[in-house]
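Read through the structure below, which is laid out as structure tokens, and then see the notes.
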Ligand SMILES: *Cc1c(COP(=O)(O)O)cnc(C)c1O
């Protein structure tokens, strides 16, 4: 048997919509992207949705917009973010010249908690920006986090690369903090190959990000004052970026969107199977969930091989690979990565939960196309490996 860690399903209208774009005579940002943006706005309930060519680009634009309004994400400013995340969440902070102030996470959920954040605020009262990561597709406790941030004038950007579609209480992720960024990278819950989406309810942020997404060109305001000028004329208000999404990508996104809930339910079923089948294994810690299963996007299902296990985590990964089963590790915490470690000299002892989780964690395959036979094979192989 050969089971990859990740596999994309393009079984819907992907080809049909791509063909429409190819026949339209215009392959980059146009009507398919506008439609994709509107559908994400409708889904999340956010007022503005801006398509970008990656979540990383979105996070960069978000920090730039917040810095533009408050001046709080520049040289020497700190930004809170969990150490248990993909490196992209930290690198965008460095793009701005700001410094990542890393937070530990809860061991079971891998999410930052209001308690962890409250301690960080007390220790670093000058930090005015928080980047939340909804690890694995489960929303962090945003009611309490937003209320804390409101009290302390902290702007909240959400790295929701894992969290489409996901909910916290009655609110969709994408409609809570100041700005939210989704990823449509190849292995994410909705993919366009490469791509991302920003949502916000703040018109000022939306305007700035829209302009900076395309070279800093301010066509809208220029057109307002010079409606008699030809359309080739434009003004540039800042050296912006090239972060727009092509219509080919948006065509794939629109097709994926039609199957979003169906694929989410498929992943939930697999996660529930793992959760039950591995429940009383003495060498495994299972992930914990704070939201109802239906509110989780289920991007990652990761177990922890406990320190008492007769077989080490790395050996388990190796033996699973020998049995044809692909797995992954999410993530080497940011404080362990050379660049960050050397520049900031983070102390691993400040992140006990992230450390305990990282040394034992293994992410299991989680995609809707995974068959029953494959799921059983994964669980049985894992159990067998742990017996010796
Ligand atoms: C995938 C991912 C990103 C980056 O997404 P891209 O679309 O590849 O830029 C950012 N943050 C997290 C947590 C991710 O998993």
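In my numbering, the protein residues as written are 107 to 494.
Every residue gets a Cβ at the ideal spot worked out from N, C-alpha and C, and that includes glycine.
Coarse secondary structure for residue i, derived from DSSP in three states
| i | result |
| --- | --- |
| residue 454 | helix |
| residue 430 | coil |
| residue 111 | coil |
| residue 273 | strand |
| residue 238 | strand |
| residue 121 | helix |
| residue 262 | strand |
| residue 468 | strand |
| residue 302 | strand |
| residue 407 | strand |
| residue 256 | helix |
| residue 216 | coil |
| residue 224 | helix |
| residue 249 | helix |
| residue 233 | coil |
| residue 497 | With the chain covering 107 to 494 only, the question about residue 497 has no answer from this structure. |
| residue 418 | coil |
| residue 244 | coil |
| residue 478 | helix |
| residue 441 | helix |
| residue 459 | helix |
| residue 483 | helix |
| residue 449 | helix |
Anticipated Cβ contact below 8 Å, residue i with residue j, distance rounded
| i | j | result |
| --- | --- | --- |
| residue 302 | residue 290 | 6 Å |
| residue 311 | residue 171 | 4 Å |
| residue 66 | residue 199 | Within the shown structure, residues of the chain are numbered from 107 to 494, placing residue 66 beyond reach of any answer. |
| residue 305 | residue 320 | That belief does not hold up - the Cβ atoms of residue 305 and residue 320 are roughly 18 Å apart, past 8 Å. |
| residue 270 | residue 227 | With a Cβ gap of about 28 Å, residue 270 and residue 227 do not count as contacting. |
| residue 210 | residue 457 | 4 Å |
| residue 382 | residue 429 | Wrong, their Cβ atoms sit about 21 Å apart, outside the cutoff. |
| residue 386 | residue 409 | Between residue 409 and residue 386 the Cβ distance is about 13 Å, and since that is not below 8 Å, they are no contact. |
| residue 110 | residue 322 | That belief does not hold up - the Cβ atoms of residue 110 and residue 322 are roughly 41 Å apart, past 8 Å. |
| residue 366 | residue 296 | 6 Å |
| residue 219 | residue 247 | 6 Å |
| residue 143 | residue 152 | About 10 Å separates the two Cβ atoms, so there is no contact after all. |
| residue 437 | residue 107 | Their Cβ separation, rounded to whole angstroms, is 27 Å, which puts residue 437 and residue 107 out of contact at 8 Å. |
| residue 417 | residue 492 | 6 Å |
| residue 363 | residue 145 | 6 Å |
| residue 476 | residue 377 | So it is not a contact: roughly 11 Å between Cβ atoms. |
| residue 470 | residue 380 | 6 Å |
| residue 468 | residue 419 | 6 Å |
| residue 175 | residue 233 | About 16 Å; that fails the 8 Å criterion. |
| residue 372 | residue 474 | 3 Å |
| residue 196 | residue 315 | Not confirmed; about 20 Å, so no contact. |
| residue 262 | residue 243 | At roughly 19 Å, the Cβ-Cβ gap does not stay under 8 Å, so residue 262 and residue 243 are not in contact. |
Residues sharing a beta bridge with residue i, DSSP
| i | result |
| --- | --- |
| residue 492 | In the DSSP output, where bridge partners are listed per residue, residue 492 has none listed. |
| residue 510 | Because the chain here runs from 107 to 494, residue 510 falls outside it and cannot be looked at. |
| residue 291 | 299 |
| residue 286 | 264 and 305 |
Notebook entry, point to check: Touching or not, the region 422-430 and the region 396-404, by the rule of three or more beta carbon pairs under 8 Å?
Noted result: No contact exists between the region 422-430 and the region 396-404.
Notebook entry, point to check: Of all the alpha helix (DSSP H) runs that stay within the bounds of the region 312-399, which reach a length of 4 or more residues?
Noted result: Those alpha helix (DSSP H) runs which fall completely within the region 312-399 and span 4+ residues are 325-331, 353-364 and 366-383.
Next item on the list: Run through the region 130-210 for me and flag every whole beta strand (DSSP E) of 3 or more residues, listed as ranges in chain order.
Entry: Entirely contained in the region 130-210, the beta strand (DSSP E) runs reaching 3 residues are, in chain order, 154-158, 184-188 and 205-209.
Checklist line | Cβ contact check for the region 390-398 and the region 177-197: 3 or more pairs under 8 Å | finding: No, because fewer than three Cβ pairs between the region 390-398 and the region 177-197 fall closer than 8 Å, the two stretches do not touch.
Margin query: With three or more C-beta pairs closer than 8 Å as the rule, is the region 125-142 touching the region 345-365?
Written below: Result yes; three or more Cβ-Cβ pairs closer than 8 Å.
Note to self: Using 8 Å as the cut-off, can you tell me whether the region 477-486 makes contact with the region 121-131, which would need three or more C-beta pairs spanning the two stretches below that distance?
What the structure shows: No, the region 477-486 does not touch the region 121-131.
Next item on the list: Check each residue's C-beta against every heavy atom of ligand 2 and list, in chain order, those closer than 7 Å.
Entry: This structure lacks ligand 2; the ligands present are ligand 1.
Next item on the list: Examine the Cβ distances between the region 440-452 and the region 362-377 and report whether three or more of them are shorter than 8 Å.
Entry: Proximity of the region 440-452 to the region 362-377 falls short of the contact definition, fewer than three beta-carbon pairs being nearer than 8 Å.
Check: Okay, do the region 339-347 and the region 259-274 touch, 3+ Cβ pairs below 8 Å being the bar?
Finding: With the cut-off at 8 Å, the region 339-347 and the region 259-274 do not touch.
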